[in-house]
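Input: a single structure, listed below in structure tokens.
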Amino acid sequence: MLTLTQVASAHFTLDYPPTRGFDEDLEPKFCGGFDTPSETRTPFSLGNTTMTINNHHDSATVSVLIALDSDPTSFFQFSNGTTLPFAKTYFTVPKGINCFYVDLSTALKNQNIANGTLATLQVRFDGGDGDLFQCSDVILLSEDTTGVFNQTTCPATISTSATSSAAAQTQAHSSSAMSASAAATAAASASASASSRSAGFKTMSSSVLSGLIVGGLGLGLMIIS
Numbered sequence: 023m024l025t026l027t028q029v030a031s032a033h034f035t036l037d038y039p040p041t042r043g044f045d046e047d048l049e050p051k052f053c054g055g056f057d058t059p060s061e062t063r064t065p066f067s068l069g070n071t072t073m074t075i076n077n078h079h080d081s082a083t084v085s086v087l088i089a090l091d092s093d094p095t096s097f098f099q100f101s102n103g104t105t106l107p108f109a110k111t112y113f114t115v116p117k118g119i120n121c122f123y124v125d126l127s128t129a130l131k132n133q134n135i136a137n138g139t140l141a142t143l144q145v146r147f148d149g150g151d152g153d154l155f156q157c158s159d160v161i162l163l164s165e166d167t168t169g170v171f172n173q174t175t176c177p178a179t180i181s182t183s184a185t186s187s188a189a190a191q192t193q194a195h196s197s198s199a200m201s202a203s204a205a206a207t208a209a210a211s212a213s214a215s216a217s218s219r220s221a222g223f224k225t226m227s228s229s230v231l232s233g234l235i236v237g238g239l240g241l242g243l244m245i246i247s
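The sequence shown begins at 23 in my numbering and counts up one residue at a time.
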């Protein structure tokens, strides 16, 4: 459990799944200076679940590494982006508590991870003064494992609200575009119809005028005769 003094001065804390341990001075080291796995592992879903960190910088760049090992001892056993992908690639977080999804079923889809695999998650955090690290030891399970802490801390609409908003905007833009297109089509149709009527009127007027001229000439010739 972190003291209030520690939290107030920390660069960042890994709140869920719980960190192995915290010492602000050791955060630049592997697993934040805590090399020994936790005695109790947190169940962590192989599907889509949430993690929580508390950022004490104005903003920071974060990534989540994973080691499919019960007792990793170096960075070389964690994600490198090639042979072992990141659990979550680089993204930016604002100051304060941040909940974010980690979908191992997508990130590690080619790793053939078995239900019950022991693993360690390592958060890499850069708030502008170098990389900092925190580790959490987990057991990977196929079912939903979002803990009580995250159910309370993270809103249920962590990403769906943004997705819904974007979808609503897209739908609104699409509807507006469709309305504009329909209006333009109707206007073009009306214009074409008017042009057609005008052209027909002009053709008819020319024919009538030609007929009148020819008829007049014929009448004149008859009178002269």
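Beta carbons: idealized from backbone N, C-alpha and C, even for Gly. If you're wondering where the values come from, they're calculated on a predicted model, not measured in any experiment.
field: Expected contact under 8 Å - CB spacing of Asp-166 and Ser-67 to nearest Å
entry: Counting from one through the sequence shown, the residue named residue 166 turns up at place 144. Counting from one through the sequence shown, the residue named residue 67 turns up at place 45. The pair is a contact, with the Cβ atoms about 6 Å apart (cut-off 8 Å).
- prompt: Does DSSP put Thr-139 in a helix, in a strand, or in coil?
  reply: Within the sequence shown, the letter at position 117 stands for residue 139. Three-state DSSP puts Thr-139 in a strand.
- prompt: Within 10 angstroms of its Cβ, does Thr-114 collect 16 or more other Cβ (buried), or is it exposed?
  reply: Translated into positions along the sequence shown, residue 114 becomes position 92. In the assembly as shown, Thr-114 is an exposed residue. Its beta-carbon has fewer than 16 other beta-carbons within 10 Å.
Reduced DSSP category for Gln-133 - H, G, I as helix; E, B as strand; rest coil: Within the sequence shown, residue 133 is the residue found at index 111, counting from 1. The three-state reading of DSSP puts Gln-133 in coil, since its state is none of H, G, I, E or B.
message: What does the Cβ neighbour count give for Ser-101, buried or exposed, with the cut at 16 atoms within 10 Å?
response: Position 79 of the sequence shown, counted from the start, is the residue given in the question as residue 101. By the neighbour-count criterion, in which a residue is buried when 16 or more other Cβ atoms sit within 10 angstroms of its Cβ, Ser-101 is buried.
- prompt: Would a C-beta distance cut-off of 9 Å place Lys-117 and Ser-81 closer than the cut-off?
  reply: Taking the sequence shown and counting its residues from 1, the one referred to as residue 117 is at position 95. Taking the sequence shown and counting its residues from 1, the one referred to as residue 81 is at position 59. Yes.
- prompt: Name the DSSP bridge partner or partners of Arg-42?
  reply: Taking the sequence shown and counting its residues from 1, the one referred to as residue 42 is at position 20. As computed with DSSP, Arg-42 is found in no beta bridge at all.
- prompt: Relative to the C-alpha of Asn-70, which residue among Thr-174, Cys-121, Phe-155 and Cys-157 is closest?
  reply: Walking along the sequence shown from the start, residue 70 turns up at place 48. Residue Cys-121 is the option with its Cα nearest to Asn-70.
CB-CB length for Thr-142 against Thr-74, believed under 8 Å: As a position in the sequence shown, residue 142 is number 120, starting the count at 1. As a position in the sequence shown, residue 74 is number 52, starting the count at 1. Thr-74 and Thr-142 do not touch by the CB rule: their CB atoms are close to 17 Å apart, not below 8 Å.
query: Helix, strand or coil for Leu-126 per DSSP?
result: Along the sequence shown, read from residue 1 onward, the residue named residue 126 stands at position 104. Annotated three-state conformation of Leu-126 is helix, per DSSP.
message: Could you check whether Asn-77 and Phe-155 sit closer than 9 Å to each other, using their CB atoms as the reference points?
response: Translated into positions along the sequence shown, residue 155 becomes position 133. Translated into positions along the sequence shown, residue 77 becomes position 55. In this structure, Asn-77 does not lie closer than 9 Å to Phe-155 by Cβ.
task: Would you identify the three-state DSSP class for Asp-37, choosing helix, strand or coil?
output: Taking the sequence shown and counting its residues from 1, one reaches residue 37 at position 15. The answer is strand: DSSP assigns Asp-37 an E or B state.
query: Thr-64: which of Thr-72, Pro-39, Asp-57 and Cys-53 sits nearest, CA to CA?
result: By one-based count along the sequence shown, residue 64 stands at place 42. Of Thr-72, Pro-39, Asp-57 and Cys-53, the residue nearest in Cα terms is Pro-39.
- prompt: Just reading off the beta strand (DSSP E) that Asp-159 is part of, what are its end residues?
  reply: For the purposes of this step, residue 159 is taken as the residue at position 137 of the sequence shown. First-last of the beta strand (DSSP E) with Asp-159: 153 to 163.
- prompt: Whose C-alpha, out of Leu-87, Tyr-123, Asp-45 and Glu-61, is nearest the C-alpha of Gly-54?
  reply: Translated into the one-based positions of the sequence shown, residue 54 becomes position 32. The option with the nearest alpha carbon to Gly-54 is Asp-45.
task: Can you grab the Cα-Cα spacing for the pair Ser-127 / Val-145, in whole Å?
output: Position 105 of the sequence shown, counting from 1, holds the residue named residue 127. Position 123 of the sequence shown, counting from 1, holds the residue named residue 145. Rounded to whole angstroms, the separation of the alpha carbons of Val-145 and Ser-127 is 18 Å.
- prompt: Do you know offhand how far Thr-35's Cα is from Gly-152's?
  reply: Mapped onto the sequence shown, residue 35 falls at position 13. Mapped onto the sequence shown, residue 152 falls at position 130. C-alpha of Thr-35 to C-alpha of Gly-152: approximately 15 Å in a straight line.
task: Pick out whichever of Phe-56, Lys-51 and Ile-88 has its Cα sitting closest to the Cα of Leu-162.
output: Taking the sequence shown and counting its residues from 1, one reaches residue 162 at position 140. Of Phe-56, Lys-51 and Ile-88, the residue nearest in Cα terms is Ile-88.
message: Contact defined as beta carbons within less than 8 Å: I believe Phe-97 pairs with Phe-56. What is the distance between those atoms, to the nearest angstrom?
response: Within the sequence shown, residue 97 is the residue found at index 75, counting from 1. Within the sequence shown, residue 56 is the residue found at index 34, counting from 1. The beta carbons of Phe-97 and Phe-56 sit about 14 Å from each other, so the pair does not count as a contact at 8 Å.
- request: Answer with buried or exposed for Asp-47, where buried requires no fewer than 16 other C-beta atoms within 10 angstroms of its C-beta.
  value: For the purposes of this step, residue 47 is taken as the residue at position 25 of the sequence shown. Exposed: under 16 other Cβ atoms inside 10 Å.
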